[in-house]
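K.L.:
One structure, pasted below without further comment.
Chains as they are written, first to last, in my numbering: chain A, 307 to 710; chain B, 307 to 710.
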């Protein structure tokens, strides 16, 4: 079993969460909300979930600068250097490349004896081979990954997913850590599907080639239509793509280097600046130049060493009102009321969430979303929730950002 | 034409307005709300409507003590002695009897030379025949109504009705003032019906016995069912009962004395205390003893000198969401949005009112009421609005007054 101090966690928390508008808002997206009235936000629940297996100082949250303060308030034992701020919105590949480069820099500094001061004093950016006194930063191909300081098993996860069976989740992550610490493997968690969900991507895996419940991945697929989703479900060869990845530092560094050099090379320009006061300026310069590419497209679908751990620990990406409705406790008429009180009359299948402490009286409507937050009330058929993005755009156009 | 200084106005403002819950609330009923976003409450609009024909010092508002401060804030040029507070809820007859007694006391004090101090110094309550020094209060039957100080033409109106053509309304009132100043007549305004409304009472009048567009009333009827309402409308003999009454002080005083002595006699016990510091204690003692009787049942239906002025000046009692919807400006899909912004998608015939400045996005519902105020959201079919009282009662029972 890998040592805990070698375990790292990267939490992606940059989403704006417009699908849950107006419940989630640009100034307080979904991950920062106490979704289930438990007193903890989804982000806090995510951090807490990893605490038993990843030291808090090894956790990094990648987000937008505008959410940094809120994160520090929500996770008060996290140092601000652990909040990695993206200066632009660039999908998951640049996001993960940044976190990887940051962790790699910390490991390199320790492994090769660079202090933060020494890194900061370097002229310009710190290319491979940079020297100060008798110290040098090795070229990428010369890095000695066997040094103890270079051992880093990394789990990458979203900040806004729900996981019901947390201990089972952690056991799966630990198993994956152990696997990736011994193998040059890119691992992902695949959820056993329970319904023909069209809102998720799927992973087809090679059931006969597995060992110890870890299997090679055959293909990643985009979100299917309902017919295809039913075929996937019946075949038994497909898992939901959870977007939770596990690898070690060397494996993911090499994957970026060889599969996405247009992203990886940007970060290597300033390798030693990570963790210093020069990091922010460096990232502000190079990050916006990164292409907009997802980790799935850029790495997962191209790599030949991808493995999946089929799992089931009550996972949901909470991507839709429908999924939230499905997960929530219902009354006898299948109505859901979150955060607020509600009385229903001749009303079934509705999900209602108002600001804390408010009351809804709902008569004569079925299968609706009723959501109110910060001055905006949305009433919308559950079946039409994909239109919410359009509503947000319309509101933006009409009211110039007043209700974003 | 009657002199303006002899014109008085009594505005009834004690209603709790539960039909418009949650828009109107027990702590701020309908009459105190800026219903149409004009910047003036219905009460303010009512007072303003009378200003050109009634001196402000001759206006009296009958209400519950809990609304007194709000009224003084909304009508800052009104003295607090003009706010007559009912210590209990007792329908319109006691309400109007109180205002009548108050106005009569002021007139008597002036006509018979009693100062407020002298009235206050009287021992106990001031029955007819009370004396102080060489002054005496005449017995009711001995009052000299011909004294100039006893001339008072009084209009009684609700505080929460809408009147669109205000100048036309005032001309009608002035005409009625003139009529009642010359005749022992109880006058009421009847609205020419424009639809078979089942929410109003009707007045049948004797079309052939009128003079100068003032007609004797044949009968008052309760709210009819739809079939009956259609008959009324087609007959041309029926008018909507507006609940706006005009009479002079002598006529209404005598009507109460002879038709409702169980109410009138209570007030005559303390005739001279009105307008003094002893008024409140006196009213608190006698008012709750009054029976719960409406002016329609107690006076209008029993008197033989009732006249109606058929009118049409865009009147509504704003008694229902439906009537408010009918009166309000609609968009191309027949949706109404009051006080707040709203975007509608596949939605028709809805009326939406949120707290000022809020935004509603409404998709996929038709003919609904959507009303939000002070922490309560109501969603209800327009056709089911008569159930709102039940909802309020349910909420009261469930949440112990939190959302009244």
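Glycine included, each C-beta is placed from N, C-alpha and C at the ideal position.
#1: Under a three-way DSSP split, which group does residue 711 of chain A fall into?
#2: Using a Cβ cut-off of 8 Å (strictly closer), state whether residue 667 of chain A contacts chain B.
#3: I want to verify the contact list: residues of chain B whose CB lies under 7 Å from the CB of residue 709 of chain A, in sequence order.
#4: For residue 683 of chain A, decide whether its Cβ has a neighbour in chain B, counting only Cβ atoms nearer than 8 Å.
#5: Could you tell me whether the Cβ atoms of residue 580 of chain A and residue 443 of chain A are closer together than 8 Å?
#6: Using 8 Å as the limit for Cβ to Cβ distance, is residue 690 of chain A near chain B?
#7: Where does the unbroken alpha helix (DSSP H) through residue 487 of chain A begin, and where does it stop?
#8: Which residues mark the beginning and the end of the alpha helix (DSSP H) in which residue 544 of chain B is found?
#9: For chain A, find out if any of its Cβ atoms is closer than 8 Å to the Cβ of residue 392 of chain B; answer yes or no.
#10: Got a sec, what are the start and stop residues for the beta strand (DSSP E) residue 365 of chain B sits in?
#11: I need the straight-line Cα distance from residue 536 of chain B to residue 497 of chain B, nearest angstrom please.
#12: For residue 618 of chain B, tell me which candidate among B:473, B:687 and B:642 has the shortest Cα-Cα distance.
#13: Name the DSSP bridge partner or partners of residue 592 of chain A?
#14: Spell out whether any CB of chain A is found under 8 Å from the CB atom of residue 608 of chain B.
#15: Report yes if the C-beta distance between residue 616 of chain A and residue 476 of chain A is below 8 Å; otherwise report no.
#16: How close, in whole Å, do the beta carbons of residue 613 of chain A and residue 701 of chain A come, if the pair is a contact with beta carbons under 8 Å?
#17: Could you tell me which chain A residues have their CB closer than 8 Å to the CB of residue 676 of chain B, listed as they occur along the chain?
#18: Taking all protein chains shown into account, decide if residue 371 of chain B is buried (16 or more other Cβ within 10 angstroms of its Cβ) or exposed.
#19: What does a CB cutoff of less than 6 Å around residue 307 of chain B pick up in its chain, not counting 5 residues either side in sequence?
#20: Taking only beta carbons into account, state which residues of the region 433 to 461 of chain B come closer than 7 Å to chain A, listed in chain order.
#21: Could you give the distance in angstroms between the alpha-carbon of residue 319 of chain B and the alpha-carbon of residue 406 of chain B?
#22: Thinking C-alpha only, which one of A:401, A:467, A:396 and A:593 is nearest residue 575 of chain A?
#23: With a cut-off of 8 Å, does the C-beta of residue 354 of chain A fall near any C-beta of chain B?
#24: What is the rounded straight-line gap between the Cα of residue 469 of chain B and the Cα of residue 330 of chain A?
#25: What in chain B is Cβ-close to residue 574 of chain A, meaning under 9 Å?
#26: Restricting to Cα atoms, I'd like to know which of B:563, B:342, B:530 and B:553 is closest to residue 545 of chain B.
#27: Examine the ligand HEM and report whether any of its heavy atoms sits within less than 7 Å of the Cβ of residue 693 of chain B.
#28: What does residue 670 of chain A touch in chain B if you count any residue whose Cβ is under 7 Å from its own?
#29: Which same chain residues end up closer than 8 Å to residue 569 of chain B when comparing Cβ atoms and leaving out the 5 residues on each side of it in sequence?
#30: Let me see if you follow: with CB-CB separation under 8 Å, is residue 649 of chain A close to chain B or not?
#31: Please give me, in chain order, every unbroken run of the beta strand (DSSP E) with length at least 3 that falls completely inside the region 593 to 625 of chain B.
#32: Please identify, using Cβ separations under 8 Å, the residues of the region 691 to 703 of chain B that lie next to chain A, in order along the chain.
#33: Buried or exposed for residue 386 of chain A, please, with buried defined as at least 16 other CB atoms from any protein chain shown within 10 angstroms of its CB.
#34: For residue 335 of chain A, does the count of other Cβ atoms within 10 angstroms reach 16, so buried, or fall short, so exposed?
#35: Alpha carbon to alpha carbon, how far is residue 680 of chain B from residue 488 of chain B?
#36: With a Cβ-Cβ cutoff of 8 Å, do residue 650 of chain A and residue 676 of chain A count as a contact?
P.N.:
A quick look at the data gives this:
#1: Residue 711 of chain A lies beyond the residue range present for chain A, which begins at 307 and ends at 710; the question has no answer from this structure.
#2: The residue you call residue 667 of chain A lines up with position 361 of the first chain. At least one chain B Cβ lies under 8 Å of residue 667 of chain A.
#3: As a first step, residue 709 of chain A must be located in the first chain, where it is residue number 403. Per Cβ cutoff of 7 Å: 665.
#4: The residue labelled residue 683 of chain A in the question sits at position 377 within the first chain. Yes - at least one Cβ of chain B is within 8 Å of the one on residue 683 of chain A.
#5: Position 274 of the first chain, counting from 1, holds the residue named residue 580 of chain A. Position 137 of the first chain, counting from 1, holds the residue named residue 443 of chain A. The answer is no: Cβ separation not under 8 Å.
#6: Locating residue 690 of chain A in the first chain gives position 384, counting from the first residue. It does; some Cβ of chain B falls within 8 Å.
#7: One-based indexing of the first chain puts residue 487 of chain A at position 181. 472 to 488 is the extent of the alpha helix (DSSP H) around residue 487 of chain A.
#8: Along the second chain, read from residue 1 onward, the residue named residue 544 of chain B stands at position 238. No alpha helix (DSSP H) holds residue 544 of chain B; the beta strand (DSSP E) holding it covers 544 to 554.
#9: Residue 392 of chain B sits at position 86 when you count from the first residue of the second chain. Residue 392 of chain B does not count as touching chain A.
#10: In the second chain, counting from the first residue as 1, residue 365 of chain B sits at position 59. Run containing residue 365 of chain B: 365 to 370, per the beta strand (DSSP E) assignment.
#11: The sequence position of residue 536 of chain B within the second chain is 230, counting from 1. The sequence position of residue 497 of chain B within the second chain is 191, counting from 1. Approximately 15 Å, taken between the alpha carbons.
#12: Position 312 of the second chain holds residue 618 of chain B. Checked all of B:473, B:687 and B:642; the closest Cα to residue 618 of chain B is B:473.
#13: On the first chain, residue 592 of chain A is found 286 positions in, with the first residue counted as 1. Bridge partners of residue 592 of chain A: none, in fact.
#14: As a first step, residue 608 of chain B must be located in the second chain, where it is residue number 302. Output row for residue 608 of chain B: interface = no.
#15: By 1-based counting over the first chain, the position of residue 616 of chain A is 310. By 1-based counting over the first chain, the position of residue 476 of chain A is 170. No, these two residues do not count as a Cβ contact at 8 Å.
#16: To locate residue 613 of chain A, count along the first chain from 1; it is residue 307. To locate residue 701 of chain A, count along the first chain from 1; it is residue 395. So it is not a contact: roughly 44 Å between Cβ atoms.
#17: Mapped onto the second chain, residue 676 of chain B falls at position 370. Residues of chain A passing the Cβ test: 683 and 685.
#18: The residue labelled residue 371 of chain B in the question sits at position 65 within the second chain. Looking at its Cβ environment, which holds fewer than 16 other Cβ atoms inside 10 Å, residue 371 of chain B is exposed.
#19: Indexing the second chain from 1 puts residue 307 of chain B at position 1. With a pLDDT of 49 at residue 307 of chain B, under the threshold of 50, the modelled position of this residue cannot be trusted, and the question is left open.
#20: none
#21: Mapped onto the second chain, residue 319 of chain B falls at position 13. Mapped onto the second chain, residue 406 of chain B falls at position 100. Cα to Cα, the separation comes out at about 15 Å.
#22: Residue mapping note: residue 575 of chain A aligns to position 269 of the first chain, counting from 1. Here the closest residue by C-alpha is A:593.
#23: Reading the first chain from its first residue, position 48 is the one you call residue 354 of chain A. No, no contact with chain B.
#24: Taking the first residue of the second chain as 1, we reach residue 469 of chain B at position 163. Taking the first residue of the first chain as 1, we reach residue 330 of chain A at position 24. Each residue's alpha carbon lies about 43 Å from the other.
#25: Here residue 574 of chain A refers to the residue found at position 268 of the first chain. Simply none; closest approach about 46 Å.
#26: Within the second chain, the letter at position 239 stands for residue 545 of chain B. Closest option to residue 545 of chain B, Cα to Cα, is B:530.
#27: You won't find the ligand HEM in this model; it holds no ligand whatsoever.
#28: Position 364 of the first chain holds residue 670 of chain A. 686, 687 and 690, listed in chain order.
#29: One-based indexing of the second chain puts residue 569 of chain B at position 263. Excluding sequence neighbours, residue 569 of chain B sits near 399, 400, 403, 562, 596, 597, 599 and 604.
#30: Counted from its first residue, the first chain places residue 649 of chain A at position 343. Yes - at least one Cβ of chain B is within 8 Å of the one on residue 649 of chain A.
#31: 612 to 617
#32: 693, 697, 700 and 701
#33: Within the first chain, numbered from 1, the residue matching residue 386 of chain A stands at position 80. Exposed, since its Cβ has fewer than 16 Cβ neighbours within 10 Å.
#34: One-based indexing of the first chain puts residue 335 of chain A at position 29. With 16 or more Cβ atoms within 10 Å of its Cβ, residue 335 of chain A is classed as buried.
#35: The sequence position of residue 680 of chain B within the second chain is 374, counting from 1. The sequence position of residue 488 of chain B within the second chain is 182, counting from 1. Near 50 Å, if we compare the C-alpha coordinates of residue 488 of chain B and residue 680 of chain B.
#36: Numbered from 1 along the first chain, position 344 holds the residue referred to as residue 650 of chain A. Numbered from 1 along the first chain, position 370 holds the residue referred to as residue 676 of chain A. No.
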